[in-house]
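Engineer: Just so we're aligned, residue -12 is where the sequence shown starts under my numbering, counting upward by one. Backbone N, C-alpha and C fix where the C-beta goes; we use that ideal spot for every residue, glycine too. In this text the structure is predicted, and so the values were computed from the model without any measurement.
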Amino acid sequence: MKRLITIGLFFVSFFANAQSVPLYTQNLFNRFAINPATAGLENCPDFRFGHRRQWIGIDGAPVTSFFTFNTGFSKNDASYRSFHGVGARFLNDQAGPFSATSFHLAYAFHLKVRREASISFGSFLGLRNYSYNGSGIYTPLFDPVVNQTSNLFIYPEIDPGIYYYSPKNFIGLSVVNLIPFQLSSGGEQIGSPSPNTKHFILHVGQIIDASGYYYTFVPNIMVRYAPSGVPEIDLNFMWYIDNDFALGATYRNPTGVSFIAEAKFLQRFRFGYAFDYGVLGPSGAAPYTHEVMLSFLACKDKEDLDKKPLCPAYK
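(1) So for lysine 289, helix, strand or coil by DSSP?
(2) In or out: glutamate 278 buried (at least 16 other Cβ within 10 Å) or exposed?
(3) So, for alanine 236: in the same chain, excluding its five sequence neighbours on each side, which residues have a beta-carbon less than 8 Å away from its beta-carbon?
(4) Out of Leu98, Phe111, Phe96 and Ser118, which has the shortest C-alpha to C-alpha gap to alanine 87?
(5) Are there 16 or more other CB atoms within 10 angstroms of the CB of glutamine 41, so buried, or fewer, so exposed?
(6) Taking one C-beta from the region 42 to 60 and one from the region 104 to 119 each time, how about it: are there three or more such pairs within less than 8 Å?
(7) Output the distance between the C-alpha atoms of phenylalanine 96 and alanine 20, rounded to the nearest integer angstrom.
(8) Measuring alpha carbon to alpha carbon, tell me which residue in Thr184, Asn183, Glu219 and Ser215 is nearest histidine 190.
(9) Let me check understanding here. Comparing Cα to Cα, which of Ile106, Phe187 and Ile195 lies closest to isoleucine 149?
(10) Beta carbon of isoleucine 194, beta carbon of alanine 104: below 7 Å?
(11) Tell me whether the beta-carbon of phenylalanine 168 lies closer than 7 Å to the beta-carbon of asparagine 183.
(12) Taking only the alpha-carbon atoms, compute the straight-line gap between cysteine 31 and arginine 239 and give it to the nearest angstrom.
(13) Quick one: what does DSSP say threonine 12 is sitting in, helix, strand or coil?
(14) Report the residue from Arg39, Leu160, Ala197 and Asp231 whose alpha carbon sits nearest the alpha carbon of histidine 323.
(15) What whole-angstrom Cβ distance do valine 163 and isoleucine 188 have, given they're in contact under 8 Å?
(16) Please classify alanine 93: does DSSP put it in a helix, a strand, or coil?
(17) Would you give the residue range spanned by the alpha helix (DSSP H) that arginine 18 belongs to?
(18) In chain order, what residues of the same chain have a beta carbon less than 8 Å from the beta carbon of aspartate 231, not counting five sequence neighbours either side?
(19) When DSSP labels each residue in this structure, what does alanine 87 get in the three-state scheme?
(20) Identify which residue in Ile228, Ser215 and Ala273 has its Cα closest to the Cα of serine 198.
(21) By the 10 Å Cβ neighbour count, where 16 or more other Cβ atoms means buried, how is phenylalanine 85 classified, buried or exposed?
(22) Which whole-angstrom value is the C-beta distance of glycine 360 and glutamate 144, which I expect to be below 8 Å?
(23) Run through DSSP, which three-state label would alanine 24 get?
(24) Just to confirm, are glutamine 13 and glycine 192 a CB contact at a threshold of 7 Å?
(25) Who are isoleucine 188's beta bridge partners in DSSP?
Next comes the structure, spelled out in structure tokens:
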């Protein structure tokens, strides 16, 4: 029972004070879920599914599942001087007695600013539902904060982004929770009074083609920052082999390292797996995290499948 109390209080503190923004390891594979300005970069309608499970070995460990869709249109001009992208994102994030489910629509506008470089502006717009079920947490005495059950809708949620890309490099900046809010509304409240603050996500990388080989190297850095916390930095290196297979590794401060593998199959599908080591959690939890992702390109013909994406960093 003591362990249940400890874990329950840990998750209360985790959700109320932590960044409360879904974390991903496969940042290159999952760029649209992170930055709406990337909507429409693929040559075909793009469907992606993902699942992330942290701290293997205990009940109620953080689990994130998501589904995204995006596509581009008005690409009639052969030079792609400008075009539009639209999409949608569904997320479900669970941690102990807490659950957050959100649905967002996205729009992006892409504009060529140089011969081989473009800039895009986009935003997610939607709503989120927070729920907390403290009935399963055992405490010696009833606690009105820990043992409550609450449900709360937050809307509208606005997550904007900007993205610059070329055949050689890319840089993107997105903001989560542009309009900060309290986890309370009227008579409903999630945990103790706590704000859900905005977060800034910066992603920078370079594309290096190995001359004479089928190799592409993509070193990249992602920085996540909330004004009330310490910046979290991912140093990632990906090695793509003819776009059919990829290997990568990430160092994330201060939590540990990750290893990534991707494989393309049946022409239209791509599968990615990431293994994180070093993320410490409650007593009894293994410091492992597993993350899987699957993409499907709904191209009408093989010609579109064989084209390079407008931003070659994103396979």
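Structural biologist: On the basis of the data shown:
(1) helix
(2) buried
(3) Asn223, Phe224, Val244, Ser245, Phe246 and Ile247
(4) Ser118
(5) buried
(6) no
(7) 17 Å
(8) Glu219
(9) Ile106
(10) no
(11) yes
(12) 32 Å
(13) coil
(14) The chain is shown only over -12 to 302; residue 323 falls outside these bounds and no answer can be derived.
(15) 7 Å
(16) strand
(17) 18 to 21
(18) Ala250 and Lys251
(19) strand
(20) Ile228
(21) buried
(22) Nothing can be reported for residue 360, as the shown portion of the chain is limited to -12 through 302.
(23) helix
(24) no
(25) Ser161 and Arg211
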